[in-house]
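With my numbering, letter number 72 in the sequence shown gets 188, and the count goes up by one each step, no holes.
Yeah, the Cβ is synthetic: ideal placement off N, Cα and C, and Gly gets one too.
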Amino acid sequence: MKHFRLFLCLASTVYATCIFAQDIRSSTTGFSFGLHGKFTDWTSTSNFVGSLDEDDPNGIGIGARIAYGLNESFSFYFGYAHANYAQNEDWDQYTHQLLHLGLRVNFGATLKSLRPYLQAGVGQHTMKIDPIIFGNDFSTLYALKMNGIGGEAGIGLQYFATPSLAIDIGVFGRFGNFSGITLNGVNFDPETSTDFRFLGLEVGVTYFLQ
Numbered sequence: 117m118k119h120f121r122l123f124l125c126l127a128s129t130v131y132a133t134c135i136f137a138q139d140i141r142s143s144t145t146g147f148s149f150g151l152h153g154k155f156t157d158w159t160s161t162s163n164f165v166g167s168l169d170e171d172d173p174n175g176i177g178i179g180a181r182i183a184y185g186l187n188e189s190f191s192f193y194f195g196y197a198h199a200n201y202a203q204n205e206d207w208d209q210y211t212h213q214l215l216h217l218g219l220r221v222n223f224g225a226t227l228k229s230l231r232p233y234l235q236a237g238v239g240q241h242t243m244k245i246d247p248i249i250f251g252n253d254f255s256t257l258y259a260l261k262m263n264g265i266g267g268e269a270g271i272g273l274q275y276f277a278t279p280s281l282a283i284d285i286g287v288f289g290r291f292g293n294f295s296g297i298t299l300n301g302v303n304f305d306p307e308t309s310t311d312f313r314f315l316g317l318e319v320g321v322t323y324f325l326q
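Structure (structure tokens):
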């Protein structure tokens, strides 16, 4: 009888462990690392930018992010992304770089393999466009560099193939103004607002350290 009770106890423990492991389909707590590809579009209403955003408005790039989940609902992230907009015209350089950080709000629970999220943050944007023609001076080519701070917001969905590995797809909008502008390395004041708007689709994978 004693051995039978011991057997039942062990069997119950194993069964409970198996059920618990089967129930956990996702987890967003702790550190995670992600890589993604991105398709992005940018526009500006600034007269200084002119038609630059119309000549090659679409970019393709890659990015990486590190995050820490405080719990299943809230996580902080820091990331870097780079996109190339030189798709059609003959540019020496037409790129956008982004350093950003913020907060992601995860929905759903560990019993779900599909986890939607909302995201908001702030980022440092750098655009480099070379060469450009400035004003009526058609004899000189310039290298344009623009830096600025902007806010961001996005919505997305994660599919957890395993509790530690997720496929991530999201749509993001980033808005702000370029405040630091140089032409051929010399500071330049356009004397007008130089706003920007980036809209993008990002698809990638995220690994959670459990």
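Can you name the start and end residues of the beta strand (DSSP E) that Leu186 belongs to? Reading the sequence shown from its first residue, position 70 is the one you call residue 186. Here Leu186 belongs to no beta strand (DSSP E), and DSSP marks it neither H nor E.
Just verifying my parser: in three-state terms, what is the DSSP assignment at Glu268? Locating residue 268 in the sequence shown gives position 152, counting from the first residue. DSSP places Glu268 in strand when its eight states are reduced to three.
Considering only residues of the same chain and omitting the five flanking positions on each side of Gly150, which have a CB-CB separation below 6 Å? Taking the first residue of the sequence shown as position 1, residue 150 is located at position 34. The answer, listed in chain order, is Arg181, Gly320 and Thr322.
According to DSSP, simplified to helix, strand and coil, what is Leu214? Here residue 214 refers to the residue found at position 98 of the sequence shown. Of the three classes helix, strand and coil, the one that applies to Leu214 here is strand, per DSSP.
Among all the DSSP beta bridges, which residues are the ones paired with Trp158? As a working note, residue 158 is residue 42 in the sequence shown. Answer is Phe314, bridged to Trp158.
Does the Cβ of Arg231 have 16 or more other Cβ atoms within 10 Å, making it buried, or fewer, making it exposed? Counting from 1 along the sequence shown, the entry for residue 231 is found at position 115. So Arg231 ends up on the buried side.
Please work out which residues of its chain come closer than 6 Å, Cβ to Cβ, to Gly286, disregarding the five sequence neighbours upstream and downstream, and give them in chain order. The residue given as residue 286 occupies position 170 in the sequence shown. The answer, listed in chain order, is Gly270, Gly272 and Glu318.
Leu227 lies in the beta strand (DSSP E); which residues open and close that run? Translated into positions along the sequence shown, residue 227 becomes position 111. Run containing Leu227: none; DSSP gives neither H nor E here.
According to DSSP, what are the bridge partners of Asn163? As a first step, residue 163 must be located in the sequence shown, where it is residue number 47. Per DSSP, none; premise fails for Asn163.
On a CA-only basis, which of Asp206, Ala199, Ser229 and Leu257 is nearest His241? Give me that one, please. The residue labelled residue 241 in the question sits at position 125 within the sequence shown. Looking at the Cα atoms, Ala199 is the closest of the given residues.
Compare the C-alpha of Tyr193 against each of Ser148, Glu307 and Ser280 and name the closest. One-based indexing of the sequence shown puts residue 193 at position 77. Residue Ser148 is the option with its Cα nearest to Tyr193.
Whose CA, out of Asp284, Ser309, Leu281 and Leu299, lies closest to the CA of Asn293? Position 177 of the sequence shown holds residue 293. Residue Ser309 is the option with its Cα nearest to Asn293.
To which residues of the same chain is Asp284 closer than 6 Å at the C-beta, ignoring the five residues directly before and after it? As a first step, residue 284 must be located in the sequence shown, where it is residue number 168. Here the set comprises Gln274, Gly320 and Thr322.
Given Ala259, which residues of its chain have a CB within under 6 Å of its CB, disregarding the five upstream and five downstream residues? Residue 259 sits at position 143 when you count from the first residue of the sequence shown. Excluding positions up to five away in sequence, the list reads Asp246 and Asn300.
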